[in-house]
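As structure tokens, the structure follows; a few thoughts come after it.
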Amino acid sequence: MASITLAGVGKTYGGKSANRILENISFSIADGEFVVLVGPSGCGKSTVLRMIAGLEEISAGEIRIDGARVNETPPAQRGLAMVFQSYALYAHMSVFENIAFGLRLARVPKKDIDASVRTVARMLQLEHLLDRKPPQLSGGQRQRVAIGRAIVRKPRAFLFDEPLSNLDAALRADMRVEIARLHKQLGATMVYVTHDQVEAMTLADRIVVLGPTGVQQIGTPMALYERPANVFVAGFIGMPKMNLVEGTVDTRGRLALGDVALAWQGSAAVGKVIVGLRPEHLVPDGGGPIRGTVALVERIGAESHVHLDVPGLARALVVSTKDAPPAPGSAWAVAPVADAIHVFGTDGARLENKSINSVMEEA
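Heads up: the sequence shown begins at 1 in this note's numbering, then just goes up one per residue.
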């Protein structure tokens with residue numbers, strides 16, 4: 001396996017009328033680590049992956065694999081295997097032939113090819129499908145074949161470009177488990193691109209969050225969930241999304257949300273802030289200080305998402321509850337979980353060295 005380092009990597013298209021899409025991308029991936037690049041469509045995460053693979057030239061910076069600069073190294077000589085969103089299987093070849101294709105190009109002896117393909121097929125539960133062709137397979141089976149074709153080459157690292165986006169929800173969940181199992185079994189370095197933050201949270205050792213201005217934050221899934229660096233990360237990580245509402249800090253150091261205030265401990269500039277409240281950290285409480293009218297209830301199996309209109313707030317708060325939800329149109333009150341309130345400046349950055357008293361009081 002291999003470590004991968006990006007230092008100041010950028011990508012520009014278009015010559016004189018240059019269009020810069022990535023700038024100063026820097027992070028490192030340890031040997032055997034599973035790192036997920038996550039972000040909205042158009043943020044450049046697939047371009048980063050293709051630059052690591054050598055399928056896109058970089059315009060600035062450098063990429064190193066195991067310490068060796070590979071900027072000018074052809075893709076075939078980087079020792080990486082890539083799994084694409086589209087599977088990229090040969091329809092006229094059997095599953096066995098698809099998995100063996102790279103080994104045959106490398107002129108591996110036939111006996112060794114047969115042993116390697118069957119070993120990988122057992123690992124991916126494809127043994128009974130080796131004689132079938134891709135059109136005869138389900139989406140999940142095709143993706144396993146594509147992964148098998150990568151594994152059999154014994155690459156230095158695996159690159160996944162949104163491999164589950166063509167699958168339905170149930171198959172995506174199954175394949176997430178398969179990929180996590182493979183990582184544990186192989187101990188392989190894996191770089192995985194997705195726009196689905198659930199995939200990122202469940203698969204990654206660490207997550208690199210990319211946004212319109214480049215890398216927003218790097219950390220473990222729970223570090224990003226519990227302490228987002230800015231409003232972008234706060235709104236992107238977590239399902240359902242964090243409530244982000246405007247608030248103010250008054251001259252007495254209180255954080256006001258509409259008609260509700262929180263005691264603010266420590267110094268803070270007086271003025272506007274952005275307050276983040278995760279739906280799962282708002283608890284139904286008959287005596288709770290956040291009171292409003294239920295606008296909508298979304299029942300999602302074991303839990304419900306309640307949209308609560310609160311006086312003084314521009315948008316409804318979403319509250320996740322496993323209790324029986326209130327009826328639309330009824331009055332309802334909730335309270336925040338202690339130490340689970342996030343505060344950001346008007347520039348979007350997290351306000352550090354500030355703590356908020358968990359006891360709420362009426363303004």
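Every residue gets a Cβ at the ideal spot worked out from N, C-alpha and C, and that includes glycine.
This one's a predicted model, so the numbers in the text were calculated from it and none came from an experiment.
Whole-angstrom distance between residue j and residue i, CA atom to CA atom
i: Ala204; j: Arg176; result: 11 Å
i: Ala2; j: Ala81; result: 12 Å
i: Val152; j: Asp112; result: 11 Å
i: Pro326; j: Ala200; result: 33 Å
i: Thr251; j: Val270; result: 6 Å
i: Val310; j: Thr293; result: 7 Å
i: Val70; j: Pro109; result: 29 Å
i: Leu167; j: Gly258; result: 43 Å
i: Gly148; j: Pro40; result: 28 Å
i: Asp31; j: Ala331; result: 54 Å
Cβ-based burial, residue i [other Cβ within 10 Å; buried from 16]
i: Lys45; result: buried
i: Ile52; result: buried
i: Arg181; result: exposed
i: Tyr87; result: buried
i: Glu362; result: With a pLDDT of 35 at Glu362, under the threshold of 50, the modelled position of that residue is not reliable, and the figure given next carries that caveat. Burial call: exposed.
i: His128; result: exposed
i: Glu162; result: buried
i: Ile300; result: exposed
i: Pro279; result: buried
i: Met123; result: buried
i: Arg172; result: buried
i: Pro336; result: buried
i: Ala100; result: buried
i: Met239; result: exposed
i: Tyr90; result: exposed
i: Ala157; result: buried
i: His183; result: buried
Reference residue i; option with closest CA among the options
i: Pro221; options: Gly258, Leu37 and Ala256; result: Leu37
i: Glu298; options: Leu6, Gly329, Arg64 and His307; result: His307
i: Gln197; options: Thr189, Ile207, Phe84 and Met190; result: Ile207
i: Ser304; options: Arg315, Thr293, Ser320 and Val294; result: Ser320
i: Ser28; options: Ala7, Ile290 and Pro336; result: Ala7
i: Leu85; options: Leu244, Val231, Gly139 and Ile58; result: According to the sequence displayed, residue 85 carries Gln and not Leu. When each option's Cα is compared against that of Gln85, the closest is Gly139.
i: Gly247; options: Gly345, Ile4 and Lys110; result: Gly345
i: Glu23; options: Ala30, Cys43, Leu282 and Ile99; result: Cys43
i: Glu33; options: Ala302, Val209 and Gly187; result: Gly187
i: Val249; options: Val343, Arg142 and Asp347; result: Val343
i: Asp323; options: Val231, Val283, Gly287 and Arg350; result: Val283
i: Pro289; options: Gly276, Ala261 and Leu277; result: Ala261
i: Thr194; options: Arg78, Leu164, Lys133 and Val337; result: Leu164
i: Arg315; options: Val9, Arg149, Ile65 and Asn243; result: Asn243
i: Ala146; options: Glu97, Val245 and Ala115; result: Glu97
i: Glu57; options: Gln217, Thr47 and Thr5; result: Thr47
i: Val35; options: Arg20, Thr189, Arg118 and Ala60; result: Thr189
Enclosing alpha helix (DSSP H) for residue i [first to last residue]
i: Tyr225; result: Pro221 to Glu226
i: Val108; result: Neither: Val108 is in no alpha helix (DSSP H) and is coded neither H nor E.
i: Ser46; result: Lys45 to Ala53
i: Ala146; result: Gly139 to Ile151
i: Arg177; result: Sequence inspection shows Val at residue 177; the Arg mentioned does not correspond to that position. Here the alpha helix (DSSP H) through Val177 covers Ala169 to Leu186.
i: Ala256; result: It is not in any alpha helix (DSSP H) - Ala256 instead sits in the beta strand (DSSP E) that spans Arg254 to Leu257.
Span of the beta strand (DSSP E) around residue i
i: Leu210; result: Arg206 to Gly211
i: Lys272; result: Gly271 to Leu277
i: Ala60; result: Ala60 to Ile65
i: Gly248; result: A small correction: the amino acid at residue 248 is Thr; Gly does not occupy that position in the sequence shown. From DSSP, the beta strand (DSSP E) with Thr248 extends over Asn243 to Val249.
C-beta neighbour in chain C for residue i, strict 8 Å
i: Leu167; result: Although the question refers to chain C, the structure presented lacks it and comprises just one protein chain.
Strand pairing of residue i, partner residues [DSSP]
i: Gly292; result: Trp332
i: Lys11; result: Leu22
i: Leu159; result: Met82 and Val191
i: His342; result: Gly276
i: Ser320; result: His305
i: Arg299; result: Ser304
Any non-hydrogen atom of the ligand FMN closer than 7 Å to residue i Cβ
i: Leu124; result: The ligand FMN is absent from the structure shown, which contains no ligand whatsoever.
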